[in-house]
Amino acid sequence: MLLKVEHLRVAFHLEGRLSVPVRDVSFEIPENGRVALVGESGCGKSLSALSIGGLVDRADISGRITGSPRISYIFQNPMQSLNPVMRAGAQIEEAVRAGERAEVAALLESVGLPRETARKYPCQLSGGQQQRVMIAMALAAAPDLLVADEPTTALDVTTQKEVLDLVDRIADERGMAVLFITHNLGLVAEHSKLMNVMYAGEIVERGPVAEVLAHPRHPYTRGLIAAVPRLDAPKDAPLADIPGTVPAPWDWPVGCAFHPRCAMADETCTSPSFKTCRAMFAVSGAGFNL
Ligand SMILES: Nc1ncnc2c1ncn2[C@@H]1O[C@H](COP(=O)(O)OP(=O)(O)OP(=O)(O)O)[C@@H](O)[C@H]1O
Ligand code: SF4
Ligand SMILES: [Mg+2]
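In my numbering, the protein residues as written are 11 to 300.
This is the structure in structure tokens:
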């Protein structure tokens with residue numbers, strides 16, 4: 011196992027209020043694994059991933075992390091992460107200095123960019139090219155684990171596919187593991203092998219991607235799957251939406267945090283002694299057609 015995270019909790023004290031965006035997160039990343047973390051906005055996906063790399067300031071963090079892989083991150087919006095007044099090559103060079111002495115030109119070529127890209131400023135590059143520069147910077151540190159946090163949401167569908175195929179290829183070549191954070195279950199089906207579904211600071215369901223998508227158990231996972239647009243649906247059929255929104259991390263509902271939004275909720279779900287959703291013990295056939 012490359013990395014094992016057990017009972018990760020991340021809390022903040024904000025203006026006299028306790029906020030616990032990550033309450034109890036456990037997951038594993040095998041060597042060369044392709045693991046996804048999925049869930050709606052505000053569920054604690056990024057904080058969990060940043061915590062394992064020690065990148066969260068001013069937080070109370072507890073839990074156990076076993077393994078010490080070298081971790082690199084690529085984020086959603088490269089324009090916010092790249093320095094606008096530095097040429098791409100100089101930025102990659104900085105990252106190279108922090109890690110192995112690899113050649114900037116070789117790194118650019120490995121992500122499918124011509125070496126002349128080194129002389130360009132971020133504003134002279136397309137969104138897909140910027141994301142490739144970010145990947146080159148991430149690779150410069152020769153990571154064992156690449157955390158790709160919504161790396162392609164700002165890109166059009168074709169570029170999205172190119173960038174994720176590139177990550178897959180490089181991960182295969184280098185024997186690198188990938189933790190892919192996304193809300194897009196279609197991309198998870200294509201690019202990950204194991205998935206963890208996160209809601210309100212907890213992992214509510216996990217397993218091999220094909221199994222979870224074909225036989226989701228937790229009502230939240232089922233809701234996420236039902237909300238995926240399907241090509242075989244009647245044209246005017248409304249998209250099934252999960253009603254309501256993710257609560258604030260200082261105000262998690264008592265019992266199962268999903269109960270205000272769950273059609274299956276009953277009094278056992280709101281009990282302070284609630285442990286596990288009863289739906290997890292029933293097998294569902296209503297899944298995602300892979
Ligand atoms: N540094 C911080 N201090 C206090 N609260 C934070 C901090 N970082 C994140 N949070 C809060 O933690 C919660 C979870 O944030 P996180 O960024 O992990 O969500 P996410 O699942 O990645 O969502 P998204 O899909 O929008 O990226 C949010 O309510 C956010 O406001
Ligand atoms: S515990 Fe109850 S409210 Fe929570 S997901 Fe399961 S059925 Fe729904
Ligand atoms: Mg996030």
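Glycine included, every Cβ here is placed at the ideal spot set by N, Cα and C.
Between residue i and ligand 1, is the CB less than 7 Å from at least one heavy atom?
i           : result
residue 259 : yes
residue 49  : yes
residue 193 : yes
residue 263 : no
residue 25  : no
residue 29  : yes
Is it the case that the CB of residue i approaches a heavy atom of ligand 3 more closely than 7 Å?
i           : result
residue 56  : yes
residue 16  : no
residue 183 : no
residue 212 : no
residue 215 : no
Is it the case that the Cβ atoms of residue i and residue j are separated by a distance below 8 Å?
i           : j           : result
residue 270 : residue 259 : no
residue 120 : residue 155 : no
residue 161 : residue 173 : yes
residue 83  : residue 35  : no
residue 286 : residue 265 : no
residue 302 : residue 141 : Outside the shown range of the chain (11 to 300) lies residue 302, about which nothing can therefore be said.
residue 290 : residue 54  : no
residue 176 : residue 132 : no
residue 128 : residue 97  : yes
residue 151 : residue 105 : yes
residue 12  : residue 50  : no
residue 301 : residue 63  : Outside the displayed range of the chain (11 to 300) lies residue 301, so it cannot be described from this structure.
residue 125 : residue 135 : no
residue 219 : residue 199 : yes
residue 256 : residue 26  : no
Sort the options by Cα distance to residue i and report the nearest one.
i           : options               : result
residue 66  : 78, 44, 31 and 97     : 31
residue 69  : 38, 55, 29 and 272    : 29
residue 100 : 146, 63, 57 and 72    : 146
residue 37  : 116, 205 and 273      : 205
residue 23  : 71, 52, 48 and 56     : 71
residue 33  : 251, 163 and 211      : 211
residue 61  : 25, 17 and 130        : 17
residue 252 : 242, 246, 272 and 240 : 272
residue 39  : 217, 224 and 278      : 217
Give me the Cβ distance between residue i and residue j, rounded to the nearest whole Å; I'm assuming they're in contact under 8 Å.
i           : j           : result
residue 202 : residue 45  : 6 Å
residue 229 : residue 268 : 7 Å
residue 178 : residue 59  : 19 Å between Cβ atoms; not a contact.
residue 304 : residue 234 : In this structure the chain extends from 11 to 300, so residue 304 is not present and cannot be described.
Please report whether the beta-carbon of residue i lies at a distance below 8 Å from any beta-carbon of chain C.
i           : result
residue 290 : Protein chains in the displayed structure number just one, and chain C is not present.
Look at the alpha carbon of residue i and the alpha carbon of residue j, and state the distance between them as a whole number of angstroms.
i           : j           : result
residue 238 : residue 232 : 10 Å
residue 19  : residue 77  : 18 Å
residue 171 : residue 197 : 9 Å
residue 274 : residue 254 : 15 Å
residue 86  : residue 192 : 10 Å
residue 284 : residue 276 : 11 Å
residue 113 : residue 103 : 8 Å
residue 169 : residue 215 : 30 Å
residue 222 : residue 122 : 33 Å
residue 184 : residue 250 : 40 Å
residue 163 : residue 244 : 27 Å
residue 261 : residue 292 : 29 Å
residue 109 : residue 138 : Here the model assigns residue 109 a pLDDT of 49, short of 50, so the residue's position is not dependable, and the following value carries that caveat. If you take the alpha carbons of residue 109 and residue 138, they lie about 24 Å apart.
residue 236 : residue 115 : 45 Å
residue 21  : residue 73  : 12 Å
residue 213 : residue 282 : 18 Å
residue 180 : residue 288 : 41 Å
residue 165 : residue 90  : 14 Å
residue 300 : residue 240 : Annotation note: pLDDT 46 at residue 300 (below 50); position unreliable, no value reported.
residue 57  : residue 224 : 28 Å
Please confirm whether any heavy atom of ligand 2 lies closer than 7 Å to the CB of residue i.
i           : result
residue 291 : no
residue 228 : yes
residue 225 : no
residue 275 : yes
residue 22  : no
residue 269 : yes
residue 266 : yes
residue 232 : no
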